[in-house]
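Colleague:
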Amino acid sequence: MWLSNHNLLKTMKPAENMANIVNLENLRLEKILRELYNAQKCTFFLEDAMGKVMDKFSLSEQQAIELAKLLMKNELISSKTFLPATFLRPEYIRSFPIILTTKAIALLKEGSTDHK
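The letter at position 42 of the sequence shown is residue 42 when you use full-length UniProt numbering, and the numbering goes up by one with no holes.
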(Lines of atoms letter the chains of each structure in order from A and count residues from 1; the text may use other names and numbers.)
(Lines give C-alpha, C1' and ligand atoms only; values in the text may rest on other atoms or scores of the structure.)
Protein backbone atom coordinates (compact mmCIF):
# COMPACT_ATOMS: atom_id res chain seq x y z
CA MET A 1 0.00 0.00 0.00
CA TRP A 2 2.68 2.49 1.01
CA LEU A 3 4.77 1.63 -2.03
CA SER A 4 1.91 2.35 -4.44
CA ASN A 5 1.26 5.69 -2.71
CA HIS A 6 4.98 6.45 -2.84
CA ASN A 7 5.08 5.76 -6.61
CA LEU A 8 1.97 7.88 -7.08
CA LEU A 9 3.64 10.79 -5.30
CA LYS A 10 6.71 10.44 -7.55
CA THR A 11 4.60 11.02 -10.67
CA MET A 12 2.95 14.17 -9.33
CA LYS A 13 4.12 17.72 -9.68
CA PRO A 14 5.60 19.26 -6.51
CA ALA A 15 2.51 21.44 -5.89
CA GLU A 16 0.18 18.41 -6.22
CA ASN A 17 2.49 16.39 -4.00
CA MET A 18 2.42 19.06 -1.27
CA ALA A 19 -1.37 19.37 -1.52
CA ASN A 20 -1.76 15.61 -1.07
CA ILE A 21 0.57 15.61 1.93
CA VAL A 22 -1.43 18.45 3.49
CA ASN A 23 -4.69 16.57 2.82
CA LEU A 24 -3.29 13.41 4.43
CA GLU A 25 -2.14 15.40 7.46
CA ASN A 26 -5.56 17.06 7.73
CA LEU A 27 -7.26 13.65 7.65
CA ARG A 28 -4.93 12.36 10.35
CA LEU A 29 -5.51 15.48 12.44
CA GLU A 30 -9.27 15.04 12.06
CA LYS A 31 -8.98 11.42 13.27
CA ILE A 32 -6.92 12.53 16.26
CA LEU A 33 -9.38 15.34 17.05
CA ARG A 34 -12.29 12.91 16.82
CA GLU A 35 -10.51 10.50 19.15
CA LEU A 36 -9.75 13.33 21.60
CA TYR A 37 -13.43 14.26 21.53
CA ASN A 38 -14.51 10.68 22.20
CA ALA A 39 -11.94 10.31 24.98
CA GLN A 40 -13.11 13.58 26.51
CA LYS A 41 -16.74 12.43 26.43
CA CYS A 42 -16.01 8.97 27.83
CA THR A 43 -13.60 9.99 30.57
CA PHE A 44 -14.53 11.40 33.94
CA PHE A 45 -11.07 12.92 34.44
CA LEU A 46 -9.94 15.20 31.60
CA GLU A 47 -6.35 14.27 32.42
CA ASP A 48 -6.91 10.72 31.12
CA ALA A 49 -7.89 11.67 27.56
CA MET A 50 -4.43 12.55 26.18
CA GLY A 51 -2.93 9.28 27.42
CA LYS A 52 -5.66 7.29 25.67
CA VAL A 53 -5.03 9.13 22.40
CA MET A 54 -1.27 8.72 22.73
CA ASP A 55 -1.75 4.97 23.16
CA LYS A 56 -4.25 4.63 20.30
CA PHE A 57 -2.07 6.49 17.78
CA SER A 58 1.28 5.34 19.22
CA LEU A 59 2.37 8.93 19.75
CA SER A 60 5.65 9.59 21.50
CA GLU A 61 5.72 12.19 24.25
CA GLN A 62 7.40 14.67 21.90
CA GLN A 63 4.76 14.09 19.21
CA ALA A 64 2.00 14.59 21.78
CA ILE A 65 3.63 17.83 22.95
CA GLU A 66 3.81 19.11 19.37
CA LEU A 67 0.21 18.04 18.78
CA ALA A 68 -0.99 19.89 21.88
CA LYS A 69 0.91 23.02 20.82
CA LEU A 70 -0.60 22.83 17.33
CA LEU A 71 -4.11 22.36 18.69
CA MET A 72 -3.69 25.31 21.08
CA LYS A 73 -2.24 27.51 18.33
CA ASN A 74 -5.26 26.77 16.13
CA GLU A 75 -7.62 27.27 19.07
CA LEU A 76 -8.93 23.70 18.90
CA ILE A 77 -8.26 22.97 22.56
CA SER A 78 -8.64 25.35 25.46
CA SER A 79 -5.99 25.95 28.09
CA LYS A 80 -7.54 28.90 29.88
CA THR A 81 -8.21 27.08 33.16
CA PHE A 82 -4.63 25.80 33.67
CA LEU A 83 -1.02 26.63 32.86
CA PRO A 84 -0.14 24.61 29.72
CA ALA A 85 3.62 24.79 30.35
CA THR A 86 3.09 22.46 33.30
CA PHE A 87 2.01 19.67 30.95
CA LEU A 88 3.96 20.45 27.78
CA ARG A 89 7.00 18.45 28.79
CA PRO A 90 7.99 14.80 28.91
CA GLU A 91 6.45 12.70 31.69
CA TYR A 92 3.62 15.21 32.13
CA ILE A 93 2.04 15.37 28.65
CA ARG A 94 -0.04 12.22 29.28
CA SER A 95 -1.91 14.19 31.96
CA PHE A 96 -2.63 17.20 29.72
CA PRO A 97 -6.30 18.09 30.41
CA ILE A 98 -8.09 18.02 27.06
CA ILE A 99 -10.88 20.54 26.61
CA LEU A 100 -11.98 20.81 22.99
CA THR A 101 -13.23 24.24 21.96
CA THR A 102 -16.54 24.89 20.25
CA LYS A 103 -14.51 25.56 17.09
CA ALA A 104 -13.08 22.01 17.22
CA ILE A 105 -16.46 20.44 17.89
CA ALA A 106 -17.99 22.41 15.00
CA LEU A 107 -15.20 21.19 12.69
CA LEU A 108 -15.86 17.59 13.74
CA LYS A 109 -19.58 17.95 13.15
CA GLU A 110 -18.92 19.56 9.77
CA GLY A 111 -16.53 16.73 8.90
CA SER A 112 -19.05 14.05 9.86
CA THR A 113 -21.70 15.58 7.57
CA ASP A 114 -19.19 15.74 4.70
CA HIS A 115 -18.60 11.97 4.96
CA LYS A 116 -22.29 11.11 4.62
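Beta carbons are placed, not taken as given, at the ideal position from N, Cα and C, and that holds for glycine.
Here the structure is a predicted model, which is why all the values come from computation and not from measurement.
1. Between which two residues does the alpha helix (DSSP H) harbouring ILE65 extend?
2. Using a threshold of 7 Å, state whether the C-beta atoms of LEU71 and ILE77 are closer than that.
3. Suppose contacts are defined by Cβ-Cβ distances below 7 Å. Is GLY51 in contact with ARG94 by that definition?
4. Sort LEU36, GLU75 and ASN74 by Cα distance to ALA49 and report the nearest one.
5. Just the Cα atoms here: how many angstroms apart are PRO84 and SER58?
6. Looking at the unbroken alpha helix (DSSP H) that takes in LYS56, where does it start and where does it end?
7. Go ahead and label LEU100 buried or exposed: buried means 16 or more other beta carbons lie within 10 angstroms of its beta carbon, across all protein chains shown.
8. Helix, strand or coil, according to DSSP, for LEU76 in the structure here?
9. Which residue's Cα is closest to the Cα of SER63: ALA106, LEU29 and LEU107?
10. So is ALA104 buried or exposed if we call it buried at 16+ other beta carbons inside 10 Å?
11. From the DSSP secondary-structure annotation, give me the bridge partner or partners of LEU100.
Modeller: The answer reads as follows:
1. 61-73
2. yes
3. Yes, these two residues count as a Cβ contact at 7 Å.
4. The shortest Cα separation from ALA49 among LEU36, GLU75 and ASN74 belongs to LEU36.
5. 22 Å
6. Per DSSP, LYS56 belongs to the alpha helix (DSSP H) from 49-56.
7. With 16 or more other Cβ atoms within 10 Å, it is buried.
8. Shown here, LEU76 sits in coil according to DSSP, grouped into three states, outside any helix or strand.
9. Reading off the sequence shown, one finds Gln at residue 63, where the question assumed Ser. Comparing Cα-Cα distances from GLN63 to each of ALA106, LEU29 and LEU107, the minimum goes to LEU29.
10. buried
11. ILE77
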